[in-house]
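Participant: Structure incoming, see below.
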Amino acid sequence: MMERSSELERVWRRDYANHTEAICDITECIVGFYNNKRLHSKLGNLPPTVYERAMASKSPIEVSGIS
3 MMERSSELER VWRRDYANHT EAICDITECI VGFYNNKRLH SKLGNLPPTV
53 YERAMASKSP IEVSGIS
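Take a look at the structure:
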């Protein structure tokens, strides 16, 4: 996973002023890259945000008439 190692390198090369700044930067990497750009084979090779939008637009199916 080349993108994973490059993201880790980014964190190790940076000098953060405090813990909060580090958390914000790492969160931005995760949300910005992994959720919006990185394709996931378990999601049909779609990024998670695209997959979630597609699933939300589908009509729910009824699984049982028993209540």
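Under the working numbering, the first residue of the sequence shown is numbered 3, with each subsequent residue one higher.
Think of the CB as a built atom: it goes at the ideal place given N, C-alpha and C, for glycine as much as any other residue.
Please classify residue 3: does DSSP put it in a helix, a strand, or coil?
Facilitator: Along the sequence shown, read from residue 1 onward, the residue named residue 3 stands at position 1. Because the pLDDT of residue 3 is 47, which lies under 50, any placement of that residue in the model is unreliable, and the question is left without a value.
Participant: Looking only at its chain, what residues have a beta carbon closer than 7 Å to the beta carbon of residue 28, apart from the 5 residues adjacent to it on each side?
Facilitator: For the purposes of this step, residue 28 is taken as the residue at position 26 of the sequence shown. Result list for residue 28: 13, in chain order.
Participant: Between residue 31 and residue 68, what straight-line distance do the alpha-carbon atoms span, to the nearest angstrom?
Facilitator: Along the sequence shown, read from residue 1 onward, the residue named residue 31 stands at position 29. Along the sequence shown, read from residue 1 onward, the residue named residue 68 stands at position 66. So the two alpha carbons sit approximately 45 Å from each other.
Participant: Ordered along the chain, which non-local residues of its own chain (more than five positions away) have a Cβ less than 7 Å from that of residue 64?
Facilitator: The residue labelled residue 64 in the question sits at position 62 within the sequence shown. Taken in chain order, the list of residues that qualify is empty.
Participant: Which whole-angstrom value describes the C-beta separation of residue 53 and residue 46, a residue pair presumed to lie in contact below a C-beta threshold of 8 Å?
Facilitator: As a first step, residue 53 is located in the sequence shown; it is residue number 51 there, counting from the start. As a first step, residue 46 is located in the sequence shown; it is residue number 44 there, counting from the start. Yes, residue 53 and residue 46 are in contact; Cβ-Cβ is about 7 Å, under 8 Å.
Participant: When DSSP labels each residue in this structure, what does residue 45 get in the three-state scheme?
Facilitator: As a position in the sequence shown, residue 45 is number 43, starting the count at 1. Three-state DSSP puts residue 45 in a helix.
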